[in-house]
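Engineer: One structure is given below, represented as structure tokens, and several questions about it will come after.
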Amino acid sequence: MLRTEVLSTGFYVPERVITNHDLTQWMDTSDEWIRQRSGIVERRWVEDGVGSSDLAKAATEQALEMAGLQATDLDCIILATLSPDHFFPGTGVFLQRKLGIKNIPCLDVRNQCSGFIYGLAVADAWIRIGLFKRILLVGTEVHSSGLEKTTAGRDTAVLFGDGAGAVILGPTEDAERGVLSIHIHADGRHAEKLWMDAPGSSYTPWLVPEYIASGLTRPQMEGREVFKHAVVKMPEAVREALEATGLSLDDVDVVIPHQANLRITQAVQKVLGLPDEKMVSNIDKYGNTTAASIPIALHEAVASGRIKRGSLVCLTAFGSGFTWGSALIRW
Ligand code: UT7
């Protein structure tokens with residue numbers, strides 16, 4: 367039986383560091399408020415004109431190098447983002463072009479904070495049925511150019527950052543290793559609790575200046591509602607993964623939750639009763655990078671030696687949609 371293994375990881379964040387103090391020049395906020403409510407100290411923002419596919423390219427190049435592969439060795443691209451370069455076509459094809467390759471399929475995944483886990487579910491299925499042997503899965507976001515950087519948008523503007531994380535996935539016949547389980551869920555009843563209303567085909571026309579003026583084109587979030595559901599659904603998804611595989615929390619070496627808010631991950635940790643050394647957190651440095659947050663944290667945990675051959679890694683995410691899920695990977 368084939369399983370999916372992670373052959374390599376890579377990440378990229380823009381060089382431009384934006385501290386909490388920096389944000390105070392555009393909006394009424396404070397370092398204290400941001401740290402206390404979210405754990406974020408700084409985030410990265412791109413320079414003007416840099417899109418999600420540019421960050422994805424840099425993360426991919428690192429993953430390719432780590433795997434000792436060329437872009438031409440890839441046979442499929444799955445790209446998760448909520449901040450596409452363009453409304454259409456998908457960002458995957460722009461990444462493909464920037465990598466200097468052609469013909470291989472490119473799939474865009476639009477599942478926000480859970481995008482990486484949804485993408486992993488697709489990649490895992492395609493690899494296990496033998497369709498592809500080298501899948502690039504990348505989560506990438508450029509939030510900064512879409513944020514409302516005024517007091518009106520401060521509830522979201524202080525939280526989100528830019529970045530990309532990538533993994534290269536391939537088949538293994540080693541029954542002990544690789545992706546052991548994936549569980550994904552959604553509940554569209556909550557779609558408007560974290561969303562961007564326009565532009566969209568539910569409007570005629572899709573975009574006019576009035577939508578911008580009335581705030582429809584900026585991210586809107588009912589923060590407390592998102593928080594409330596996140597701290598229930600992520601532990602549920604972790605338990606679901608453990609039940610499905612007959613493993614326990616004691617077996618898990620590293621938990622990588624989507625980095626939405628330090629208080630959310632601390633609550634998840636508490637509900638599950640996990641010790642600090644099992645939880646990965648880097649939100650202080652990057653803020654919430656949505657689809658990129660799990661693969662960035664994964665890369666850092668691998669690079670620092672926290673994840674090594676044999677480690678049992680649990681990923682979990684929750685976000686806009688609402689969508690959520692978990693994955694268990696034996697490294
Ligand atoms: O990736 C998944 C997506 N997002 C999340 O998971 C986020 C989930 N939610 C959260 O993390 C939290 O709800 C927030 C961090 C977004 C907000 O924390 P909160 O404790 O729920 O604050 P709040 O929204 O209830 O706002 C409290 C106060 C309000 O003022 P009043 O009405 O009490 O006078 C806000 O206007 O804080 C104010 N406020 C701010 N103050 C300074 C909101 N944003 C800011 C800000 N700086 N940036």
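Heads up, the sequence shown is in this note's numbering, so the first residue is 367 and it goes up one at a time.
Using N, Cα and C, we set each Cβ at its ideal position, and we do this for glycine too.
For the stretch 603-661, which segments carrying the beta strand (DSSP E) assignment without a break, of at least 3 residues, lie completely within its bounds, in sequence order?
Structural biologist: Segments of the beta strand (DSSP E) lying fully in the stretch 603-661: 620-623.
Engineer: In angstroms with no decimal places, state the Cα-to-Cα distance between D616 and I622.
Structural biologist: Straight-line Cα distance between these residues: approximately 15 Å.
Engineer: Hey, would you say L510 sits closer than 9 Å to W411, going by beta carbons?
Structural biologist: It is worth fixing the name first, because residue 510 is Ser in this sequence and not Leu. The answer is yes: Cβ separation under 9 Å.
Engineer: Tell me where the beta strand (DSSP E) around F482 begins and ends.
Structural biologist: No beta strand (DSSP E) holds F482; the alpha helix (DSSP H) holding it covers 481-494.
Engineer: State buried or exposed for R712, treating a residue as buried only when at least 16 other CB atoms are found within 10 Å of its CB.
Structural biologist: Absent from the structure is residue 712, since the part of the chain shown begins at 367 and ends at 697.
Engineer: Could you check whether Q478 and L560 sit closer than 9 Å to each other, using their CB atoms as the reference points?
Structural biologist: Against a cut-off of 9 Å, the Cβ pair of Q478 and L560 comes out as a contact.
Engineer: Would you mind sorting L497 into buried or exposed? The rule is 16 or more other CB atoms within 10 Å of its CB.
Structural biologist: Exposed, by the Cβ-count rule.
Engineer: Quick check: does the Cβ of C472 come within less than 8 Å of any heavy atom belonging to the ligand UT7?
Structural biologist: C472: no, Cβ never under 8 Å from the ligand UT7.
Engineer: So, are the CB atoms of I493 and G536 less than 9 Å apart?
Structural biologist: Against a cut-off of 9 Å, the Cβ pair of G536 and I493 comes out as a contact.
Engineer: Tell me the DSSP bridge mates of M587?
Structural biologist: Partner(s): L560.
Engineer: Taking the alpha carbon of F593 as the reference point, which residue from S404, V533, A603 has its own alpha carbon closest?
Structural biologist: Closest option to F593, Cα to Cα, is S404.
Engineer: Starting from F684, trace the beta strand (DSSP E) both ways and give me its first and last residue.
Structural biologist: Taken as a continuous stretch (DSSP letters only), the beta strand (DSSP E) holding F684 covers 678-685.
Engineer: Name the DSSP beta bridge partners of G505, please?
Structural biologist: DSSP, once it has assigned bridges, lists A446, G531 as partnering G505.
Engineer: Give me the residue from V620, H665, H387, F688 with the minimum Cα distance to G676.
Structural biologist: The option with the nearest alpha carbon to G676 is V620.
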